[in-house]
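Trainee: After the C-alpha coordinates below, expect a handful of questions from me.
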Amino acid sequence: MGTAFAGGDLSAGVDEAGRGALAGPLYVAAVILPAGFRHPLLRDSKTLNPTQREEIALLLQEASVAYAIVEVPVEVIERLNVLRATLWGMAQAIERLAVRPALVRIDGPYAPPLRGYRIETHIKGDALYPEIAAASILAKTARDARLRELHQHYPHYHWAQNKGYPTPQHKEAIRRHGPSPLHRPSFLRKLGF
0 MGTAFAGGDL SAGVDEAGRG ALAGPLYVAA VILPAGFRHP LLRDSKTLNP TQREEIALLL
60 QEASVAYAIV EVPVEVIERL NVLRATLWGM AQAIERLAVR PALVRIDGPY APPLRGYRIE
120 THIKGDALYP EIAAASILAK TARDARLREL HQHYPHYHWA QNKGYPTPQH KEAIRRHGPS
180 PLHRPSFLRK LGF
(Lines of atoms letter the chains of each structure in order from A and count residues from 1; the text may use other names and numbers.)
(Lines give C-alpha, C1' and ligand atoms only; values in the text may rest on other atoms or scores of the structure.)
Protein backbone atom coordinates (compact mmCIF):
# COMPACT_ATOMS: atom_id res chain seq x y z
CA MET A 1 0.00 0.00 0.00
CA GLY A 2 1.42 3.40 -0.97
CA THR A 3 1.74 6.21 1.50
CA ALA A 4 -0.41 9.26 0.89
CA PHE A 5 1.23 12.61 1.45
CA ALA A 6 -0.30 14.86 4.08
CA GLY A 7 -0.38 18.53 3.39
CA GLY A 8 0.04 21.44 5.70
CA ASP A 9 0.49 21.04 9.41
CA LEU A 10 -0.28 17.38 10.13
CA SER A 11 2.30 15.97 12.48
CA ALA A 12 2.85 12.48 13.83
CA GLY A 13 3.59 11.76 17.46
CA VAL A 14 5.74 8.77 18.38
CA ASP A 15 6.22 7.12 21.78
CA GLU A 16 7.01 3.72 23.26
CA ALA A 17 5.89 1.56 26.16
CA GLY A 18 7.76 -1.18 27.97
CA ARG A 19 11.30 0.02 27.60
CA GLY A 20 12.18 -0.57 31.27
CA ALA A 21 10.32 -3.86 31.67
CA LEU A 22 12.09 -7.10 32.55
CA ALA A 23 9.80 -9.19 30.37
CA GLY A 24 7.74 -8.98 27.24
CA PRO A 25 7.97 -6.98 24.06
CA LEU A 26 8.34 -3.25 23.71
CA TYR A 27 5.61 -1.38 21.83
CA VAL A 28 5.93 1.75 19.71
CA ALA A 29 3.06 3.80 18.30
CA ALA A 30 2.96 6.61 15.76
CA VAL A 31 -0.22 8.70 15.51
CA ILE A 32 -1.41 11.53 13.29
CA LEU A 33 -4.35 13.41 14.82
CA PRO A 34 -6.74 15.68 12.94
CA ALA A 35 -5.67 19.32 13.15
CA GLY A 36 -6.89 20.87 16.39
CA PHE A 37 -7.99 17.56 17.94
CA ARG A 38 -8.44 17.84 21.70
CA HIS A 39 -9.97 15.66 24.43
CA PRO A 40 -9.80 15.92 28.26
CA LEU A 41 -8.23 12.43 28.49
CA LEU A 42 -5.61 13.15 25.84
CA ARG A 43 -2.50 13.46 28.00
CA ASP A 44 0.50 11.42 29.10
CA SER A 45 -0.70 7.82 29.47
CA LYS A 46 0.99 7.51 32.87
CA THR A 47 -1.44 10.09 34.30
CA LEU A 48 -4.50 8.02 33.30
CA ASN A 49 -5.98 5.00 35.01
CA PRO A 50 -6.49 1.82 32.92
CA THR A 51 -10.19 2.52 32.28
CA GLN A 52 -9.43 6.05 31.07
CA ARG A 53 -6.61 4.78 28.84
CA GLU A 54 -8.86 2.17 27.23
CA GLU A 55 -11.60 4.74 26.67
CA ILE A 56 -9.35 7.31 25.00
CA ALA A 57 -7.41 4.63 23.05
CA LEU A 58 -10.60 3.52 21.29
CA LEU A 59 -11.50 7.11 20.50
CA LEU A 60 -8.00 7.82 19.17
CA GLN A 61 -8.11 4.81 16.87
CA GLU A 62 -11.42 6.00 15.44
CA ALA A 63 -10.52 9.70 15.20
CA SER A 64 -6.90 9.60 14.05
CA VAL A 65 -5.92 10.46 10.49
CA ALA A 66 -3.54 7.48 10.69
CA TYR A 67 -1.83 5.35 13.33
CA ALA A 68 0.53 2.41 13.49
CA ILE A 69 1.49 0.20 16.43
CA VAL A 70 4.62 -1.96 16.30
CA GLU A 71 5.59 -4.81 18.61
CA VAL A 72 9.34 -5.12 19.15
CA PRO A 73 9.98 -8.70 20.34
CA VAL A 74 12.34 -9.67 23.15
CA GLU A 75 14.72 -11.24 20.59
CA VAL A 76 15.13 -7.88 18.82
CA ILE A 77 15.65 -6.06 22.13
CA GLU A 78 18.35 -8.56 23.08
CA ARG A 79 20.02 -8.52 19.65
CA LEU A 80 20.12 -4.74 19.20
CA ASN A 81 19.98 -3.45 22.84
CA VAL A 82 16.93 -1.62 24.15
CA LEU A 83 17.76 1.82 22.73
CA ARG A 84 18.48 0.57 19.21
CA ALA A 85 15.43 -1.71 19.37
CA THR A 86 13.30 1.29 20.37
CA LEU A 87 14.64 3.33 17.44
CA TRP A 88 14.02 0.38 15.10
CA GLY A 89 10.41 0.21 16.35
CA MET A 90 10.00 3.96 15.90
CA ALA A 91 11.20 3.77 12.30
CA GLN A 92 8.83 0.88 11.61
CA ALA A 93 5.86 2.74 13.12
CA ILE A 94 6.57 5.96 11.21
CA GLU A 95 6.99 4.13 7.90
CA ARG A 96 3.78 2.12 8.43
CA LEU A 97 1.61 5.24 8.71
CA ALA A 98 -0.89 5.34 5.83
CA VAL A 99 -0.42 9.12 5.61
CA ARG A 100 3.01 10.72 5.48
CA PRO A 101 3.26 13.46 8.13
CA ALA A 102 4.73 16.90 7.49
CA LEU A 103 6.55 16.59 10.83
CA VAL A 104 7.36 13.76 13.26
CA ARG A 105 7.56 14.56 16.98
CA ILE A 106 9.22 11.90 19.12
CA ASP A 107 9.08 11.59 22.89
CA GLY A 108 12.59 11.57 24.33
CA PRO A 109 16.03 12.66 23.16
CA TYR A 110 16.64 10.09 20.38
CA ALA A 111 15.30 9.70 16.86
CA PRO A 112 15.71 6.91 14.32
CA PRO A 113 17.88 7.74 11.30
CA LEU A 114 15.06 8.05 8.76
CA ARG A 115 15.69 9.88 5.51
CA GLY A 116 13.07 12.16 4.08
CA TYR A 117 11.28 13.00 7.33
CA ARG A 118 11.40 16.20 9.35
CA ILE A 119 11.89 14.90 12.91
CA GLU A 120 11.96 16.67 16.27
CA THR A 121 12.74 15.09 19.64
CA HIS A 122 11.13 16.35 22.83
CA ILE A 123 11.95 15.25 26.37
CA LYS A 124 8.62 14.80 28.19
CA GLY A 125 6.96 15.36 24.83
CA ASP A 126 3.90 13.35 25.93
CA ALA A 127 3.07 16.28 28.24
CA LEU A 128 3.70 18.88 25.52
CA TYR A 129 2.09 17.61 22.30
CA PRO A 130 -1.28 15.86 21.90
CA GLU A 131 0.03 13.63 19.10
CA ILE A 132 2.82 12.30 21.34
CA ALA A 133 0.33 11.79 24.19
CA ALA A 134 -1.87 9.86 21.74
CA ALA A 135 1.09 7.66 20.76
CA SER A 136 1.92 7.03 24.42
CA ILE A 137 -1.68 5.92 25.06
CA LEU A 138 -1.84 3.59 22.04
CA ALA A 139 1.55 2.03 22.80
CA LYS A 140 0.69 1.55 26.48
CA THR A 141 -2.78 0.05 25.92
CA ALA A 142 -1.51 -2.30 23.20
CA ARG A 143 1.36 -3.50 25.37
CA ASP A 144 -0.82 -3.89 28.46
CA ALA A 145 -3.29 -6.00 26.47
CA ARG A 146 -0.43 -8.20 25.22
CA LEU A 147 0.96 -8.67 28.75
CA ARG A 148 -2.49 -9.68 30.00
CA GLU A 149 -2.54 -12.34 27.26
CA LEU A 150 0.96 -13.53 28.13
CA HIS A 151 -0.05 -13.71 31.81
CA GLN A 152 -2.39 -16.57 30.87
CA HIS A 153 0.67 -18.63 29.83
CA TYR A 154 2.91 -17.54 32.72
CA PRO A 155 0.54 -16.65 35.59
CA HIS A 156 3.13 -17.04 38.37
CA TYR A 157 4.93 -13.83 37.20
CA HIS A 158 1.77 -11.71 37.68
CA TRP A 159 2.20 -9.86 34.37
CA ALA A 160 -1.47 -8.89 34.33
CA GLN A 161 -0.66 -6.66 37.29
CA ASN A 162 3.00 -5.67 36.87
CA LYS A 163 3.12 -5.66 33.03
CA GLY A 164 6.62 -7.15 33.17
CA TYR A 165 8.15 -4.33 35.21
CA PRO A 166 10.56 -5.06 38.10
CA THR A 167 8.14 -4.98 41.02
CA PRO A 168 9.15 -6.82 44.23
CA GLN A 169 6.48 -9.47 43.47
CA HIS A 170 7.82 -10.00 39.95
CA LYS A 171 11.44 -10.27 41.10
CA GLU A 172 10.44 -12.76 43.79
CA ALA A 173 8.62 -14.86 41.16
CA ILE A 174 11.78 -14.91 39.01
CA ARG A 175 13.81 -16.04 42.03
CA ARG A 176 11.29 -18.77 42.78
CA HIS A 177 10.52 -20.02 39.25
CA GLY A 178 13.50 -18.83 37.20
CA PRO A 179 13.14 -16.70 34.08
CA SER A 180 10.65 -17.42 31.30
CA PRO A 181 11.45 -17.37 27.57
CA LEU A 182 9.88 -13.89 27.51
CA HIS A 183 12.21 -12.37 30.08
CA ARG A 184 15.00 -10.15 28.76
CA PRO A 185 18.29 -11.82 29.73
CA SER A 186 20.38 -8.66 29.54
CA PHE A 187 17.96 -6.88 31.91
CA LEU A 188 17.97 -9.80 34.35
CA ARG A 189 21.79 -9.87 34.40
CA LYS A 190 21.86 -6.21 35.47
CA LEU A 191 19.70 -7.17 38.46
CA GLY A 192 21.91 -10.13 39.35
CA PHE A 193 19.62 -12.92 38.08
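Mind the numbering: the sequence shown is residues 0 to 192 in numbering that gives the first Met the number 0, read in order. All C-beta atoms, glycine included, are put in the ideal place defined by N, C-alpha and C.
Rounded to a whole number of angstroms, what is the C-alpha to C-alpha distance between residue 169 and residue 180?
Mentor: Distance between the alpha carbons of residue 169 and residue 180: 15 Å.
Trainee: Output the boundary residues of the beta strand (DSSP E) element that contains residue 104.
Mentor: 102–106 is the span of the beta strand (DSSP E), which, as asked, contains residue 104.
Trainee: Have a look at the DSSP bridge pairing and note the partners of residue 70.
Mentor: Looking at the DSSP assignment, residue 70 forms a beta bridge with 26.
Trainee: Could you name each continuous alpha helix (DSSP H) segment of 4 residues or more that falls completely within the stretch 97–159, going from the start of the chain to the end?
Mentor: With a minimum length of 4 residues, the continuous alpha helix (DSSP H) runs that stay inside the stretch 97–159 are 129–152.
Trainee: Report the option in 50, 73, 30 and 13 whose CA atom is closest to the CA atom of residue 185.
Mentor: The shortest Cα separation from residue 185 among 50, 73, 30 and 13 belongs to 73.
Trainee: Return the CA-CA distance between residue 40 and residue 129, expressed in angstroms with no decimal places.
Mentor: Their Cα atoms are separated by approximately 10 Å.
Trainee: Which term fits residue 57, buried or exposed, when burial requires 16 or more other beta carbons within 10 angstroms of its beta carbon?
Mentor: Counting Cβ neighbours within 10 Å, residue 57 comes out exposed, since fewer than 16 surround it.
Trainee: For residue 86 and residue 11, what's the separation of their Cα atoms in angstroms?
Mentor: Between residue 86 and residue 11, the C-alpha separation is close to 15 Å.
Trainee: If distances are taken between C-alpha atoms only, which option among 134, 33, 152 and 80 comes closest to residue 44?
Mentor: Per the Cα distances, 134.
Trainee: Within 10 Å of its beta-carbon, does residue 163 have 16 or more other beta-carbons around it, so buried, or fewer, so exposed?
Mentor: Burial call: buried.
Trainee: Taking just the CA atoms, how far does residue 160 sit from residue 172?
Mentor: One C-alpha to the other measures close to 13 Å.
Trainee: My guess is that residue 19 and residue 26 are in contact by the Cβ rule of under 8 Å, so how many angstroms apart are they, rounded?
Mentor: 13 Å between Cβ atoms; not a contact.
Trainee: When the Cα atoms are used, what is the spatial distance from residue 254 to residue 178?
Mentor: A question about residue 254 goes unanswered here, because the residues of the chain that appear run from 0 up to 192.
Trainee: Roughly how many whole angstroms lie between the Cα atoms of residue 148 and residue 54?
Mentor: So the two alpha carbons sit approximately 19 Å from each other.
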